[in-house]
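Going letter by letter, the sequence shown gives residues 1 to 137 in the UniProt record's numbering. Ideal Cβ placement from N, Cα and C applies to all residues, glycine included. No experiment lies behind these values; they were computed from the predicted model shown. The block underneath contains the structure these notes are about, expressed in structure tokens.
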Amino acid sequence: MLTALLSVWSGRLSSSLAKSQSRGGQVCACQVRATGKMYACKKLEKKRIKRRKGEAMALNEKRILEKVHSRFVVSLCYTYQTRKSLCLVLTIMNGGDLKFHIYNLGDPGFEEQRAIFYAAELCCGLEDLQRERIVYR
1 MLTALLSVWS GRLSSSLAKS QSRGGQVCAC QVRATGKMYA CKKLEKKRIK
51 RRKGEAMALN EKRILEKVHS RFVVSLCYTY QTRKSLCLVL TIMNGGDLKF
101 HIYNLGDPGF EEQRAIFYAA ELCCGLEDLQ RERIVYR
């Protein structure tokens, strides 16, 4: 099963979405060959997790992402591991990171109506987390 899953993902990183380095690991877009469906793949280095004593935190992240089903929060679709990494395959949110929109689209910041829209989406996501009794930092 793991071999079959890895062969589905290998070599299909999207060039249209840039790789990004998150606090917890590298995130890149990936595509299932058979369906063409896009996902985000978060790769966590096992050595780094062990060095920071983050085993419980990584497991907690997996459990939370499995539990949440929201239009405003990414969900966990698949997990797999390699010799060096743990990989979380997540739903992809088109539009990218809010920080990108603040700093890279025109002048830094955006108009009030757009800020209201993003604030409403954030509130909806936090409500969905609260409904599942999840507290986000």
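Validate contact between the segment 42-62 and the segment 121-134 using beta carbons, cut 8 Å, 3 pairs: no
Contact check, residue 132 vs residue 32, beta carbons under 7 Å: Counting from 1 along the sequence shown, the entry for residue 132 is found at position 132. Counting from 1 along the sequence shown, the entry for residue 32 is found at position 32. Contact: no.
Residue 135, buried or exposed, once every other Cβ within 10 Å from all chains shown has been counted against 16: Translated into the one-based positions of the sequence shown, residue 135 becomes position 135. Exposed, by the Cβ-count rule.
Buried versus exposed, by CB contacts within 10 Å (16 or more), residue 105: Mapped onto the sequence shown, residue 105 falls at position 105. It is exposed - the Cβ of residue 105 has fewer than 16 other Cβ atoms within 10 Å.
Three-way DSSP call (helix, strand, coil) for residue 34 in this model: In the sequence shown, residue 34 corresponds to position 34, counting from 1. Three-state result, residue 34: coil.
Contact belief for residue 87 with residue 43 at Cβ below 8 Å, rounded distance in angstroms: Along the sequence shown, read from residue 1 onward, the residue named residue 87 stands at position 87. Along the sequence shown, read from residue 1 onward, the residue named residue 43 stands at position 43. Yes, residue 87 and residue 43 are in contact; Cβ-Cβ is about 5 Å, under 8 Å.
Span separating the alpha-carbon of residue 98 from that of residue 113: On the sequence shown, residue 98 is found 98 positions in, with the first residue counted as 1. On the sequence shown, residue 113 is found 113 positions in, with the first residue counted as 1. Answer to the nearest angstrom: the Cα atoms are 15 Å apart.
Nearest candidate by alpha-carbon position, reference residue 81, set 70, 128 and 45: If you number the sequence shown from 1, residue 81 lands on position 81. With distances taken between Cα atoms, residue 81 lies closest to 45.
Rounded separation between residue 8 and residue 34 - CA only: Mapped onto the sequence shown, residue 8 falls at position 8. Mapped onto the sequence shown, residue 34 falls at position 34. No answer about residue 8 holds up, because its pLDDT of 44 lies below 50 and its placement is not dependable.
Selected residue, minimal CA-CA separation from residue 62, among 48, 90, 127 and 108: The residue labelled residue 62 in the question sits at position 62 within the sequence shown. The option with the nearest alpha carbon to residue 62 is 90.
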